[in-house]
Amino acid sequence: MHKTLPWDELHWGLVRLLIRWGVLGSRFILAIDASFIPKSGKKTEGLGAFWNGSQSRSDTGLELSCLALISLTGQHAFPLDIRQTRPKQDRADRLEQYLEQLKDVFTQRRAWLSGHLRAVVADGQYAKKMFMDAVHAEKIAFVTKLQSNANLLYPFTGAHPTRRGARRKWGGKVDFKDWSGWQSVPGDAQERVWTRVVWAPHFGRFLRVVVIERLDRKGQVKAHVVLCSTDTTMPAQEIRALYSARFQLEFVFRDAKQFAGLTTCQLRSTTGLENHWNAACFALSLGRAEYLLERSARTGRPADVVPFSYEDVKRRAFNRLFASRILANLGLSRRFVELEEHPSRPLDLGVKAA
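For the sequence shown, the positions run 188 to 541 when the working numbering is used.
The structure is reproduced here in structure tokens:
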């Protein structure tokens, strides 16, 4: 386990194979996120203080950073690159490590990504100029979440006064309570959605901004969320859909921790840890691929949005093993195929939606 395995080829090879077989669509988003891994002891490489989202605090442990492809058709997530994040005492800036990982993936797979990628999507901690610049350099949109009080400016559209000096560029700062000049977008009953192209001084670029106001029962605004895209022509509904699809990576972390042993590794070296994490996530990808192949075989088209949990994969595998063992003891092994084809689907006993 202390020798690096060819995980890159395994992850990418599986995705390309599913596309070739018509199980997956050919358009994706590239999502990036990190996950906290609890770890006891003091000798493990990379041990340090990292944000533990489940406890809403920083804890001592490990952190992995994951890049995953999420299909636009069906929102099926497949991890591609998983690395350990070094703590502050080893390297000063975690964000630089995330950026290095993102650049490495583009360097290795630029031709493929340019033809299949709609956007790179990340949560608010990645809403930094260096990420926007890096993704924009690849001529791909970057979708993320901004602070609720983000500093944004309106472009000046009025008549310029006759005077010496530079022409006026900006018409004022965005007030998230005044929607004059904003376009209303259809949304759910308990929300109002607004969109507009504005200037972001911190990022040095124009952004397509989508503001989602959450309403209480009386119709009063109780909170708002600010999403954005570096592609100013991207529709507001698409920005929302792409950002929502990002959460499929959270479900990968959930299943890997609960059912694939992501947090149970007792190795201490970075190579061993990364091998273990990649193995856990690749097991999830194989389980998802098997499930999608079965769905696609029944429907004859790429799988749409379907509930998936790795727990169901393990349950089906156990049911098959248990049934085959019983039939073997009874001398009826040849009749196992009848269980697979029976309309009541007995091999799905105990399977539940994710």
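The beta-carbon is built from N, C-alpha and C at its ideal position, and this holds for glycine as well.
List the endpoints of the continuous alpha helix (DSSP H) containing Lys332.
-> If you number the sequence shown from 1, residue 332 lands on position 145. Not the alpha helix (DSSP H): Lys332 falls in the beta strand (DSSP E), residues Ala328 to Leu333.
Pull up the DSSP beta-bridge partners for Pro266, would you.
-> The residue given as residue 266 occupies position 79 in the sequence shown. In DSSP, Pro266 forms a bridge with Ala255.
The alpha helix (DSSP H) with His303 in it runs from where to where?
-> Translated into positions along the sequence shown, residue 303 becomes position 116. For His303, the enclosing alpha helix (DSSP H) starts and ends at Arg281 to His303.
Going by CA-CA distance only, name the one from Gln284, Glu378 and Ser531 that's closest to Tyr313.
-> Here residue 313 refers to the residue found at position 126 when the sequence shown is read from its first residue. Closest option to Tyr313, Cα to Cα, is Gln284.
Rounded straight-line distance, which links the Cα of Met317 to that of Thr382 = Here the question's residue 382 lines up with position 195 in the sequence shown. Here the question's residue 317 lines up with position 130 in the sequence shown. In a straight line, the C-alpha of Thr382 is about 24 Å away from that of Met317.
Under the assumption that Phe343 contacts Lys364 (Cβ atoms under 8 Å), give the Cβ distance between them as a whole number of angstroms.
-> Here the question's residue 343 lines up with position 156 in the sequence shown. Here the question's residue 364 lines up with position 177 in the sequence shown. With a beta-carbon spacing of about 21 Å, Phe343 and Lys364 fall beyond the 8 Å limit used to define contacts.
Pick helix, strand or coil for Asn338, following the three-state DSSP scheme.
-> Within the sequence shown, the letter at position 151 stands for residue 338. Asn338 falls in the coil class under three-state DSSP.
Grouping DSSP H, G and I as helix and E and B as strand, with all else coil, what is Arg273?
-> Counting from 1 along the sequence shown, the entry for residue 273 is found at position 86. Three-state DSSP puts Arg273 in coil, outside helix and strand.
Gly235: first and last residue of the uninterrupted beta strand (DSSP E) it sits in | Walking along the sequence shown from the start, residue 235 turns up at place 48. Here the beta strand (DSSP E) through Gly235 covers Gly235 to Asn239.
Inter-residue spacing [alpha-carbon to alpha-carbon] between Gly240 and Pro225 | Reading the sequence shown from its first residue, position 53 is the one you call residue 240. Reading the sequence shown from its first residue, position 38 is the one you call residue 225. C-alpha of Gly240 to C-alpha of Pro225: approximately 12 Å in a straight line.
When you compare only the Cα positions, how much space is there between Leu300 and Trp194?
-> The residue given as residue 300 occupies position 113 in the sequence shown. The residue given as residue 194 occupies position 7 in the sequence shown. Those two C-alpha atoms are separated by around 18 Å.
Status (buried if at least 16 other CB within 10 Å, exposed otherwise) for Ile216 | Taking the sequence shown and counting its residues from 1, the one referred to as residue 216 is at position 29. Result: buried.
Is the Cβ of Phe440 closer than 8 Å to any Cβ of chain D?
-> No chain D appears in the structure shown, which is made up of a single protein chain.
Candidates Ala298, Pro494 and Val396: which alpha carbon is nearest Gln370's?
-> The sequence position of residue 370 within the sequence shown is 183, counting from 1. For Gln370, the closest C-alpha among the options Ala298, Pro494 and Val396 is that of Val396.
Would you list, in sequence order, the uninterrupted beta strand (DSSP E) runs of no fewer than 3 residues that lie entirely inside the stretch 442 to 495?
-> Whole beta strand (DSSP E) segments, 3+ residues: zero.
Beta-carbon spacing of Tyr497, Asp535 below 8 Å = Here residue 497 corresponds to residue number 310 of the sequence shown, with the count starting at 1. Here residue 535 corresponds to residue number 348 of the sequence shown, with the count starting at 1. With contacts defined as CB atoms closer than 8 Å, Tyr497 and Asp535 fail to qualify as a contacting pair.
For the beta strand (DSSP E) that Asp220 lies in, which residues bound it at each end?
-> Within the sequence shown, residue 220 is the residue found at index 33, counting from 1. For Asp220, the enclosing beta strand (DSSP E) begins and ends at Phe215 to Pro225.
Less than 8 Å between the CB atoms is what I'm expecting for Lys332 and Val210, so what's the real figure, rounded?
-> Indexing the sequence shown from 1 puts residue 332 at position 145. Indexing the sequence shown from 1 puts residue 210 at position 23. Actually they do not touch by this definition, with Cβ atoms about 31 Å apart.
Span separating the alpha-carbon of Ala541 from that of Lys501 = In the sequence shown, the residue the question calls residue 541 occupies position 354. In the sequence shown, the residue the question calls residue 501 occupies position 314. Because Ala541 sits at a pLDDT of 46, beneath the cut-off of 50, its placement in the model cannot be relied upon, and the point is left open.
Going by Cα to Cα distance, which pick from Glu477, Gly248, Thr417 and His263 is closest to Glu330?
-> Your numbering for residue 330 matches position 143 in the sequence shown. Rather than Glu, the amino acid found at residue 330 in this sequence is Val. For the set Glu477, Gly248, Thr417 and His263, the Cα lying nearest the Cα of Val330 is the one of Thr417.
Taking the alpha helix (DSSP H) that Ala428 falls in, what are its first and last residues?
-> Here the question's residue 428 lines up with position 241 in the sequence shown. It spans Ala423 to Ala432 - the alpha helix (DSSP H) in which Ala428 sits, taken as one unbroken run.
Roughly how many whole angstroms lie between the Cα atoms of Gln271 and Leu192?
-> The count along the sequence shown starts at 1 and reaches residue 271 at position 84. The count along the sequence shown starts at 1 and reaches residue 192 at position 5. Rounded to whole angstroms, Gln271 to Leu192 spans 15 Å at the Cα level.
Distance, Cα to Cα, Lys444 vs Phe223?
-> In the sequence shown, counting from the first residue as 1, residue 444 sits at position 257. In the sequence shown, counting from the first residue as 1, residue 223 sits at position 36. Cα atoms of Lys444 and Phe223: separation of roughly 10 Å, rounded to the nearest angstrom.
Below 8 Å between beta carbons: does that hold for Leu340 and Lys360?
-> By 1-based counting over the sequence shown, the position of residue 340 is 153. By 1-based counting over the sequence shown, the position of residue 360 is 173. Contact: yes.
Pick from Ala376, Val202 and Ala221: whose alpha carbon is nearest that of Ser213?
-> Looking up residue 213 in the sequence shown gives position 26. Nearest of Ala376, Val202 and Ala221 to Ser213, Cα basis: Val202.
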